[in-house]
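The structure under discussion appears below in the form of structure tokens.
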Amino acid sequence: MGAASSDITPKSTITSINPATKQPIGEVPDMSAADVHAAIERARAAQREWAKVPIEQRCKRVLRFAEVLMERAEEVIDLLVAEAGKTRLEALGMEVVVIADLTRYFCKHAPEMLEPEPVSLHLLKHRASYLHFQPRGVIGIIAPWNFPFSIPIGETVMSLIAGNGVVLKPSEVTPLIALKARELFIAAELPPDLFQVVTGRGPAGAALIDGGINYCVFTGSVATGKKVAAACGERLIGCTLELGGKAPAIVCDDADLDRAAQAITWGGFANSGQVCASVERVYAVDSVHDALVDRIVSHASSLRQGNAGVDEVDVGAMAWDQQLNHVEKIVQQAVASGAKVRTGGARGPSGGLFFQPTVLTDCKQDMDVMRKEIFGPVIPIMRVSDEEEAIRLANDSHLGLLAYVFTKDRDRGKRIAERVEAGTVMINDVLNTFACPETPWGGVKQSGLGRTHSIHGLRDLCETRHVNHDRIAMAREVWWYPYKPSTFRALLRGARLLFGKRFWQR
Ligand code: NDP
């Protein structure tokens, strides 16, 4: 059982369940708003000291976290398997390695990324400007259950490097892994109050925004994201919103079908399909549709599913019962509307929260399975006449996080990618760019606002402040008082020269 904070005497608790066995594995306090606000104040006090530490030193200290993580990787992996139902390979590759690499990357590059940046002035050449990037204060991070380590801990590492304190509200479904992460930060000898974890349900997340944080990084559903944006607006604090996805995969007539089928199978079923970037719908051009489907069905039906805590499996459990119920319902609705189950289609091994890797064909654009986020191990496939139809249908969505294009012709792939409305488009691959901390992560349309990862995500965790200074000492500026007709005439003449039609163009 994890303890969220020594100062908490919980009135009620939350029980964490192993989804592969449905057995309880720990309890955490369901914190009140007062508990959350107290955690923010502790983080704020620690942050004031932390912000005085030069960034190179901060990076050196945060780097120790990556070392501790690698020393204790098995502990983290075991907990990810037990609390989130992941396979061991997914816990290692999609969570632990992602964070180890992100930490090393930002510890190496953040000092340069946050160095003051000169701005060359367009008009006023006798003056100069530069931007400097200051810590915001306390960053509130609200996280989902599908990547309970790699999502919030990446944001935590970046926030700390930028000089902030952090208060993390993990999902009620996966609180233990957040507490384990805090344990590792403390083992890495980072100031204990700098990174707080507040356990609780939705109201604890709302209390976090209400409690005086300086910025919010939220990852979760579109519905909650809208509430978070409204609450941040009310308090005039900024937020980054990483919301849902409905990633299309466009398979062109010249695609390498063996590669496309393997990529789509993995992209649809990895993490039991509970990935915001999962392949959620496939548009296969008529001439390759049948061959692609045969390959995907063959891969899907050979996957081993079960409790990764005891067996070697390819597909683990779903993280909680509500998600499993949602997936079952959306598949049943699709079948009732004419979709064909080519493999899977029902709950998996008994005893845990499993849904079989499922491939659906004969899907139509108006089915929920093609329009709403499934967030489960289901690949719906639709036959399209050509790539134009595929692009049109791919863009016919309120979401735009990731999208995928399969073609052997890279230029054609790029042309299609540039027409697809998504934060990231990958050609001949799926999912992976979350593991590239140097690239921006985020969506267009209702998939979110702002970016995590990359220099853009790091700078969003800072206040961008502007300093403007003189380059040439002058007694006064010409537009200062007193206003004189001669000044007006001189300024107008100058403006015409600078901005009017140039004499060589006349
Ligand atoms: P939710 O929106 O249900 O919850 C996200 C977090 O918000 C949880 O910690 C939740 O707490 C908390 N919360 C709930 N109500 C409030 C509130 N009123 N104010 C503040 N916080 C609140 O999402 P899920 O956890 O179900 O995550 C799945 C969703 O996340 C999917 O839509 C998925 O696409 C998206 N996602 C997006 C990613 C991206 O990078 N764009 C990455 C991963 C997931 P509690 O759980 O305790 O209720």
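Numbered according to the numbering used here, the sequence shown spans residues 840 to 1345. All C-beta atoms, glycine included, are put in the ideal place defined by N, C-alpha and C.
Among the options, the one whose alpha carbon lies nearest that of residue i
| i | options | result |
| --- | --- | --- |
| L962 | E1073, T1013 and L1330 | L1330 |
| V1149 | F1245, G1191, A1158 and I1169 | G1191 |
| A1173 | G1004, W1159 and C1202 | C1202 |
| C1275 | E910, E934, V901 and I894 | E934 |
| Q886 | Y1320, G976, R1222 and A1043 | G976 |
| L1018 | A1001, N1003, G1041 and P991 | P991 |
| L1163 | R1134, E1212 and V1121 | E1212 |
| G1044 | E913, Y1322, R927 and S1010 | S1010 |
| V867 | R911, A878 and V1012 | V1012 |
| N985 | T1038, L999, M952 and S1060 | S1060 |
| H971 | L1297, R911 and K1340 | L1297 |
| G1215 | S1111, Y944, E954 and P983 | S1111 |
As assigned by DSSP and simplified to three states, the class of residue i
| i | result |
| --- | --- |
| C1071 | helix |
| V977 | strand |
| D1125 | helix |
| C1301 | strand |
| F1034 | strand |
| E1028 | coil |
| P1042 | helix |
| G1187 | coil |
| Q1195 | coil |
| T1326 | helix |
| A1020 | helix |
| E1119 | strand |
| G1287 | strand |
| L962 | coil |
Proximity below 8 Å, CB of residue i to CB of residue j
| i | j | result |
| --- | --- | --- |
| T1282 | L1015 | The residue asked about is misnamed: residue 1282 is Gly in this sequence, not Thr. No, the Cβ-Cβ distance between G1282 and L1015 is not below 8 Å. |
| L1199 | R1210 | no |
| L1007 | T942 | no |
| A930 | H1308 | no |
| D869 | S851 | yes |
| S1176 | M1221 | no |
| V1056 | L1096 | no |
| V1118 | A1139 | no |
| V1217 | V1166 | yes |
| L1238 | G1084 | yes |
| A1229 | A1242 | no |
8 Å CB neighbourhood of residue i in its chain, flanking five on each side removed
| i | result |
| --- | --- |
| S1293 | P1276, E1277, T1278, P1279 and W1280 |
| N1271 | M1265 |
| E906 | A1027 |
| L908 | V915, V935, I938, A939, T942 and L1023 |
| C946 | C898, K899, V901, L902, A905 and I1000 |
Contacting residues, own chain, Cβ-Cβ under 6 Å from residue i (five flanking each side not counted)
| i | result |
| --- | --- |
| P974 | A890, A1001, G1002 and N1003 |
| V1244 | I1089, G1252, I1255, A1256 and I1266 |
| A872 | A1046 |
Cut-off 7 Å between Cβ atoms - residues of its own chain near residue i, not counting five sequence neighbours on either side
| i | result |
| --- | --- |
| L919 | K925, A930, E934, F988 and I1016 |
| I916 | R927, A930, L931 and V935 |
| K1284 | H1237, L1238, G1239 and E1260 |
Counting beta carbon pairs with one atom in the stretch 1025-1036 and one in the stretch 868-882, are three or more of them shorter than 8 Å?
yes
Is it true that the stretch 1104-1118 meets the stretch 1133-1150, where meeting means three or more beta-carbon pairs spaced less than 8 Å apart?
yes
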